[in-house]
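Have a look at the structure below, then the notes.
Numbering (the numbering used here), first residue to last: 1 to 328.
Structure representation (structure tokens):
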């Protein structure tokens, strides 16, 4: 997308975010475009998930206003705001894709803990290439960069560690009962609240450059959005919509606290933390791996993050990748 169009849509978003009516004429004056051109930009934003409607004689209005993401506000709530950079983009295809581009073109400008957040994500992906639906203003979509000098082998259990960090961040909002579903999902009230997508750039035997992608439902009512599976959101749970800037800061802070030790010592220390949050602890589960299907009892994880499943043949270890898990 051209930079000019990106800035125009960011300006329109900032105007509409207050949840009040704004006439097409006033918006057109603000962005120095015709009303027809403004209508085109709003139509595109609607296709990307902006819940906007138009009333003749009044103009455009969001179904529900929201507070926009702001890098400076996020930094204010970090204990060490200068450790890494926070970028907020109005529109991105995917925060993970954008971070991978930066690794490819400007890796030496990146520092561990650098974060990209997007107000609008047009082509977000979850595991197995599934689309991650993220309504404008209703979710938190972000990617963090972190390097592993000891290579791929030192990353074992990373997605599980990120899940623990997200749950730790949520505790600052008095959310004590979030749970983890191996290997990448965060659940609340038995429904999916957030997902983690780890991607890695680098050569075997060299530093691994990881992209930690997080998508979290903030205000995504299940009566309005079908994301392909039962889901929860923070607004429904808390009875109010939390400040997404505070939420982003809490998760970034938790990751910054845990990732250095994970990088140095691995996942071992964090195994009991993860197991205490395990959604299916000591319950019967089914694992699907392509055409193969396994069932057994969830007995936690090992120091590499592998799932331990008790079957009739004893304990079997399952690693991440193309594995799907569900309860029985």
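Beta carbons are placed, not taken as given, at the ideal position from N, Cα and C, and that holds for glycine.
Return the CA-CA distance between residue i and residue j, expressed in angstroms with no decimal places.
i, j, result
"residue 96", "residue 179", "24 Å"
"residue 38", "residue 204", "49 Å"
"residue 200", "residue 41", "34 Å"
"residue 7", "residue 90", "8 Å"
"residue 98", "residue 109", "14 Å"
"residue 13", "residue 62", "10 Å"
"residue 149", "residue 32", "49 Å"
"residue 304", "residue 268", "7 Å"
"residue 209", "residue 293", "33 Å"
"residue 36", "residue 280", "53 Å"
"residue 314", "residue 187", "28 Å"
"residue 47", "residue 250", "30 Å"
Using 8 Å as the threshold, is the C-beta distance between residue i and residue j below it?
i, j, result
"residue 60", "residue 11", "no"
"residue 217", "residue 234", "yes"
"residue 184", "residue 154", "no"
"residue 266", "residue 156", "yes"
"residue 302", "residue 278", "no"
"residue 85", "residue 123", "no"
"residue 197", "residue 213", "yes"
"residue 161", "residue 258", "yes"
"residue 88", "residue 145", "no"
"residue 73", "residue 245", "yes"
"residue 221", "residue 173", "no"
Going by DSSP in three states, residue i sits in which element: helix, strand or coil?
i, result
"residue 386", "Because the chain spans 1 through 328 in this model, residue 386 falls outside it and cannot be assessed."
"residue 82", "coil"
"residue 26", "helix"
"residue 32", "coil"
"residue 12", "helix"
"residue 312", "coil"
"residue 333", "No information on residue 333 is available, as it lies outside the stretch 1 to 328 that the chain covers here."
"residue 117", "strand"
"residue 5", "helix"
"residue 197", "strand"
"residue 240", "coil"
Whose C-alpha, out of the options, is nearest the C-alpha of residue i?
i, options, result
"residue 247", "117, 57, 34", "117"
"residue 100", "67, 142, 66", "142"
"residue 18", "32, 255, 51", "51"
"residue 287", "107, 245, 307", "307"
"residue 83", "111, 195, 140, 219", "111"
"residue 316", "296, 252, 326, 68", "296"
"residue 69", "137, 220, 4, 105", "137"
"residue 231", "260, 262, 189", "189"
Please specify which runs of the beta strand (DSSP E), each continuous and at least 3 residues long, are wholly inside the stretch 138–185, giving them in chain order.
Listed in chain order, the complete beta strand (DSSP E) runs (minimum 3 residues) inside the stretch 138–185 are 139–148, 179–181.
Curious, which full-length alpha helix (DSSP H) runs of at least 4 residues does the stretch 40–79 contain? List check, alpha helix (DSSP H) in window: 71–76.
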